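Engineer: First the structure, then my questions, so here it is.
Numbering (our numbering), first residue to last: 1202 to 1315.
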């Protein structure tokens, strides 16, 4: 959860969450760095220009989140130009667990996918 403490907000605080809904069989680990990056970008945009809290920019937020969803699902990466000074580059990377090998590698054969 991100939290901005500024006097312009009711109760001097603005809270928001960013999350993805994944299939129950999906490994959430590859999505965690992407969520952190999206949350930090939104935090910065809100701090600089009230990107999330202003009703006039909500359509941009909706479009941005939809594009992230579409691009990550289709190509496993997303590049968004947010404005003249900001861009958001995301790439879904498969996380390989340390210590896991394919059966062939255990017997001295070739290694599995890296």
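Ideal Cβ placement from N, Cα and C applies to all residues, glycine included. Here the structure is a predicted model, which is why all the values come from computation and not from measurement.
Can you tell me which of the three DSSP states residue 1271 falls into?
Structural biologist: Here residue 1271 sits in helix by DSSP.
Engineer: What did DSSP end up calling residue 1245 once you bin it into helix, strand or coil?
Structural biologist: Residue state, collapsed to three classes: helix.
Engineer: Work out the CA separation of residue 1254 and residue 1215 for me, nearest whole Å.
Structural biologist: C-alpha separation (whole angstroms): 8 Å.
Engineer: Should residue 1239 go down as buried or exposed, given a rule of 16 or more other Cβ atoms within 10 Å for buried?
Structural biologist: Residue 1239 is buried by the Cβ-count criterion.
Engineer: So residue 1235 and residue 1288 are supposed to be a Cβ contact under 8 Å. How far apart are they, rounded?
Structural biologist: Residue 1235 to residue 1288, Cβ: 15 Å. No contact.
Engineer: Would you mind stating whether residue 1266 and residue 1293 have Cβ atoms separated by less than 9 Å?
Structural biologist: No, the pair does not count as a contact, with Cβ atoms beyond the cut-off.
Engineer: Are the Cβ atoms of residue 1246 and residue 1217 separated by less than 9 Å?
Structural biologist: No, Cβ-Cβ distance for residue 1246 and residue 1217 is not below 9 Å.
Engineer: To the nearest angstrom, report how far apart residue 1284 and residue 1227 are at their CA atoms.
Structural biologist: The alpha-carbon atoms of residue 1284 and residue 1227 are separated by roughly 33 Å.
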